[in-house]
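**Student:** Chains E and U, in that order, give the protein sequences. Under my numbering, the first residue of the first sequence carries the number 49, and numbering increases by one thereafter. Under my numbering, the first residue of the second sequence carries the number 49, and numbering increases by one thereafter. All C-beta atoms in this analysis are idealised placements derived from N, C-alpha and C, irrespective of residue type, glycine included.
Number of protein chains: 2
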Amino acid sequence: MILFFSTFKLSYICVMGILRKTKSVKILLDEFEKQSTAISAITLIERFHLNMNKTTIYRILDKLEDDGFLHSFLGKNGHKWYAKCIGCTNVEHHDIHPHFQCLDCGKVDCLPTDVLIPNIPNRKVDVSQILIQGKCEECFS
Amino acid sequence: MILFFSTFKLSYICVMGILRKTKSVKILLDEFEKQSTAISAITLIERFHLNMNKTTIYRILDKLEDDGFLHSFLGKNGHKWYAKCIGCTNVEHHDIHPHFQCLDCGKVDCLPTDVLIPNIPNRKVDVSQILIQGKCEECFS
DNA sequence: TATTTAATGCAACTTTGTTGCATTAGTTAA
DNA sequence: TTAACTAATGCAACAAAGTTGCATTAAATA
Ligand SMILES: [Zn+2]
Ligand SMILES: [Zn+2]
Ligand SMILES: [Zn+2]
Ligand SMILES: [Zn+2]
């Protein structure tokens, strides 16, 4: 988890993640604070290409995921999406859940619902990524 | 569905799919006949780059999917995979199911098991793509 | 304020997949 | 068998998402 707002010396605490509270990090954190739905890396690049380089965006997202502040998954085209974690740490992500992508507006949300994966004979199930597609609240009327 | 082995005039029956029984089509069909697991487009390109161009491979896979002979899905990196259909037609694919990717050997299989997607309030569920990851029979010992 | 080094920008690259167009080769019918 | 038709192919160029190396910049610390 990000420790920005504490007064501790970050470098002693975080190992792989974000160590410095830069302008770029602040902009991205603010964006995820402002918007409750998931955001694709591509969208962030479009949105902030005047503020920062796409390399910077990819690198910050990567570190925020390491920190347990964001989690990532693939949308319907295999493109990367990010959303805020709830209660994850830099040791482990434990907020694994299905995602819902609207086929009309493209919006993606985290689903609090759990999907039961049945046991599969002779196989050890580790993780499962579930992307449900359909029409979201606004587009379904 | 592919009508290769019938004596009908294909052009009257197929509309969007494959019309001619070319060498490239035969090679790819044979490969899916030979191998029961799913095959990624990338693997096919590696395997047959001496026999045919990658453009040709992508185009044939696309048409075989239209024909209801293959179905496609995305693996863990968002790369495209194909596997044989069971009982699909050029009108509709009705063999939608989860897929299992081994994190050790990378192999992907179709799972006959059905996963129950719960109803989600205020949303119309259309399709769901489920990729389960873990260890396959051979790697799990 | 000077020092340290994490973070950044940039260009070049990689990988997967697509497009346009000239050429090749299945299929059909004479 | 042969000629005509056109689906299928190869090739080169392109597109989009994401990565890498390296010189430069700017947070954090003392
Ligand atoms: Zn998480
Ligand atoms: Zn989520
Ligand atoms: Zn199918
Ligand atoms: Zn399948």
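Give every residue whose Cβ lies closer than 6 Å to any heavy atom of ligand 2, listed in chain order.
**Tutor:** Checking every Cβ against the heavy atoms of ligand 2 under 6 Å gives H119(E), A131(E), H145(E), H147(E) and C158(E).
**Student:** Please list, in chain order, the residues of the stretch 136-149 of chain E that have any C-beta partner in chain U closer than 7 Å.
**Tutor:** Under the 7 Å Cβ criterion, the stretch 136-149 of chain E contributes F148.
**Student:** What are the residues that DSSP puts in a beta bridge with F96(E)?
**Tutor:** One-based indexing of the first sequence puts residue 96(E) at position 48. According to DSSP, F96(E) bridges with nothing at all.
**Student:** Using a Cβ-Cβ cut-off of less than 8 Å, give me the residues of the stretch 96-127 of chain E that come near chain U, in sequence order.
**Tutor:** The residues in question are L122, K124, N125, G126 and H127.
**Student:** Could you give the residue range of the alpha helix (DSSP H) that holds V173(E)?
**Tutor:** In the first sequence, residue 173(E) corresponds to position 125, counting from 1. Looking at the DSSP string, V173(E) is not in any alpha helix (DSSP H); the run it does join, the beta strand (DSSP E), is K172 to K183.
**Student:** So Q157(U) is in the beta strand (DSSP E); what residue range does that whole segment cover?
**Tutor:** Mapped onto the second sequence, residue 157(U) falls at position 109. The sequence given here has Asp at residue 157(U), not Gln. Its beta strand (DSSP E) spans residues V156 to C158.
**Student:** For my contact list, D152(U) and K183(U) are in at a C-beta cut-off of 8 Å; report their separation, rounded to the angstrom.
**Tutor:** Your numbering for residue 152(U) matches position 104 in the second sequence. Your numbering for residue 183(U) matches position 135 in the second sequence. At roughly 6 Å, the Cβ-Cβ gap stays under 8 Å, so D152(U) and K183(U) are in contact.
**Student:** Anyone know if the C-beta pair for T91(U) and G116(U) falls short of 8 Å?
**Tutor:** Here the question's residue 91(U) lines up with position 43 in the second sequence. Here the question's residue 116(U) lines up with position 68 in the second sequence. It is not a contact, given that the beta carbons lie outside the stated cut-off.
**Student:** If we cut at 8 Å on Cβ distances, does C184(E) have a partner in chain U?
**Tutor:** On the first sequence, position 136 is the one that residue 184(E) refers to. So yes, C184(E) belongs to the interface.
**Student:** Could you list which residues in chain U have their beta carbon closer than 7 Å to that of R171(E), in chain order?
**Tutor:** As a first step, residue 171(E) must be located in the first sequence, where it is residue number 123. Going along chain U in sequence order, the residues near R171(E) (Cβ under 7 Å) are F148, G182, K183, C184, E185 and F188.
**Student:** Does the distance from the C-beta atom of I180(U) to that of I180(E) stay below 8 Å?
**Tutor:** Position 132 of the second sequence, counting from 1, holds the residue named residue 180(U). Position 132 of the first sequence, counting from 1, holds the residue named residue 180(E). Contact: no.
**Student:** Compare the Cα-Cα distances from C133(E) to each of K74(E), H127(E) and S120(E) and report the closest residue.
**Tutor:** Taking the first sequence and counting its residues from 1, the one referred to as residue 133(E) is at position 85. Checked all of K74(E), H127(E) and S120(E); the closest Cα to C133(E) is S120(E).
**Student:** In the DSSP assignment, the beta strand (DSSP E) including F121(E) goes from what residue to what residue?
**Tutor:** In the first sequence, residue 121(E) corresponds to position 73, counting from 1. That run of the beta strand (DSSP E) goes L118 to L122.
**Student:** Taking the alpha helix (DSSP H) that K132(U) falls in, what are its first and last residues?
**Tutor:** Taking the first residue of the second sequence as 1, we reach residue 132(U) at position 84. It is not in any alpha helix (DSSP H) - K132(U) instead sits in the beta strand (DSSP E) that spans K128 to K132.
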